[in-house]
Amino acid sequence: MVVTQYIFLVLYSNKKREEQAQLLEWLNDAIQYKQMTIYYQKQWAKHNETGEIYTMGAEALIRWIDPIHGYIAPDKFIPLAEESGCIIPLGKWILEETFKQLKIWEKDPRKCHWQLSVNISIKQFEKDDFITIVQNLVNKTCCNPRKIRFELTESLLIKDLKNSLRKIHALTKLGISLSIDDFGTGYSSLAYLKRLPIHELKIDKTFIRDITTDQADVVLVKTMLSIGKYFGLDVVAEGVETKEQYEMLHNMGCCYFQGYFFSKPSEEALL
Ligand code: C2E
Ligand code: MG
Ligand code: MG
Ligand code: MG
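Residue numbering for the sequence shown is 1 to 271, as defined by full-length UniProt numbering.
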């Protein structure tokens, strides 16, 4: 490597490290002073007989709008929160808020059938007290655990399959169901589908994006739908942005949808 390139890399990595340290400082403040909010994005289902599309529930998505620095995307701060460990208090707060929200939905005639999906970080899931925390929150909020679905990513779940299995069984016993988020993007073997008692696959939006023009995506999505059907799992298509994408998925036999074509994530009050 030439010297100038080396100097650039050192400076770049120092700058990057400084930025991360700065972001972490803001993040800790935001968690401590509860500056984050939760948005919800509706999930849609197709009625078996009438073919009508209706809201089946919503996914909770964390939002951080810093008063000084503006909107900071979850893809930017969640990995940092995981690395630094502050995902533990943050994840607990998200569970508290969303379970309380579910309890409120249960009393609303328009929303009482809604299911709640919550993204769970593997760092949170791995902790010894995760199940106890969830159980205590269900007891405290008195929400119906059968309406709760946890979204986890596959690669991390199978890293310690034995431990994951034990935890998933404990959650299933509580009534909570499991979804594999970003399905198809990990490097894991599909063999885990035989072993893990999961309930849903979410086809990653990267497969949906070009589905109307890319034959390879059509084949992959059809395959994922077949896998879901074979294993008796709900399959949700994520990131549906256009009518054409929706119609194509619908014709392929997909019954569950999420994406900007239907609705964007929003404050709960606007749902
Ligand atoms: P994810 O769980 O796969 O969430 C789907 C992402 O796609 C969300 O981005 C959502 O806003 C976005 N999205 C929804 N519909 C469309 C669409 O039609 N087109 C496009 N292009 N995007 C769409 P968001 O909210 O920025 O979240 C990104 C990721 O951050 C999430 O991916 C999830 O992995 C993580 N995340 C978000 N909220 C939480 C949380 O509360 N806890 C944890 N642990 N992770 C979270
Ligand atoms: Mg998700
Ligand atoms: Mg996803
Ligand atoms: Mg994701």
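From the three backbone atoms N, C-alpha and C, an ideal C-beta is built for every residue, glycine too.
From residue i to residue j, what does the alpha carbon distance come to, in whole angstroms?
{"i": "residue 137", "j": "residue 214", "result": "45 Å"}
{"i": "residue 270", "j": "residue 225", "result": "32 Å"}
{"i": "residue 176", "j": "residue 56", "result": "16 Å"}
{"i": "residue 101", "j": "residue 64", "result": "18 Å"}
{"i": "residue 145", "j": "residue 124", "result": "18 Å"}
{"i": "residue 19", "j": "residue 120", "result": "26 Å"}
{"i": "residue 118", "j": "residue 3", "result": "48 Å"}
{"i": "residue 206", "j": "residue 24", "result": "29 Å"}
{"i": "residue 198", "j": "residue 221", "result": "19 Å"}
{"i": "residue 60", "j": "residue 13", "result": "34 Å"}
{"i": "residue 210", "j": "residue 46", "result": "22 Å"}
{"i": "residue 250", "j": "residue 17", "result": "46 Å"}
{"i": "residue 248", "j": "residue 242", "result": "10 Å"}
{"i": "residue 129", "j": "residue 141", "result": "18 Å"}
{"i": "residue 44", "j": "residue 15", "result": "43 Å"}
{"i": "residue 33", "j": "residue 93", "result": "12 Å"}
{"i": "residue 148", "j": "residue 132", "result": "16 Å"}
{"i": "residue 245", "j": "residue 212", "result": "6 Å"}
{"i": "residue 181", "j": "residue 35", "result": "26 Å"}
{"i": "residue 103", "j": "residue 110", "result": "13 Å"}
{"i": "residue 126", "j": "residue 90", "result": "15 Å"}
{"i": "residue 194", "j": "residue 185", "result": "18 Å"}
Looking at the strands, I want to know which residues DSSP matches up with residue i.
{"i": "residue 82", "result": "Per DSSP, none; premise fails for residue 82."}
{"i": "residue 32", "result": "Note: residue 32 sits in no beta bridge, so no partner."}
{"i": "residue 41", "result": "59"}
{"i": "residue 324", "result": "What the structure shows of the chain is the stretch from 1 to 271, and residue 324 is not part of that stretch, so it cannot be assessed."}
{"i": "residue 256", "result": "45 and 236"}
{"i": "residue 266", "result": "40"}
{"i": "residue 54", "result": "45"}
Is it the case that the Cβ atoms of residue i and residue j are separated by a distance below 8 Å?
{"i": "residue 161", "j": "residue 171", "result": "no"}
{"i": "residue 268", "j": "residue 40", "result": "yes"}
{"i": "residue 68", "j": "residue 38", "result": "no"}
{"i": "residue 219", "j": "residue 174", "result": "no"}
{"i": "residue 98", "j": "residue 116", "result": "yes"}
{"i": "residue 231", "j": "residue 204", "result": "no"}
{"i": "residue 143", "j": "residue 96", "result": "no"}
{"i": "residue 42", "j": "residue 58", "result": "yes"}
{"i": "residue 168", "j": "residue 86", "result": "no"}
{"i": "residue 156", "j": "residue 77", "result": "no"}
{"i": "residue 151", "j": "residue 192", "result": "no"}
{"i": "residue 158", "j": "residue 188", "result": "yes"}
{"i": "residue 196", "j": "residue 164", "result": "yes"}
Any chance you could list the alpha helix (DSSP H) runs of at least 4 consecutive residues sitting entirely within the stretch 59–119, in chain order? 74–84 and 87–106
Count the C-beta pairs between the stretch 253–270 and the stretch 234–245 that are closer than 8 Å, then say yes if the count reaches three, no if not. yes
What beta strand (DSSP E) runs, 3 residues minimum, are completely inside the stretch 139–197? 148–153 and 177–183
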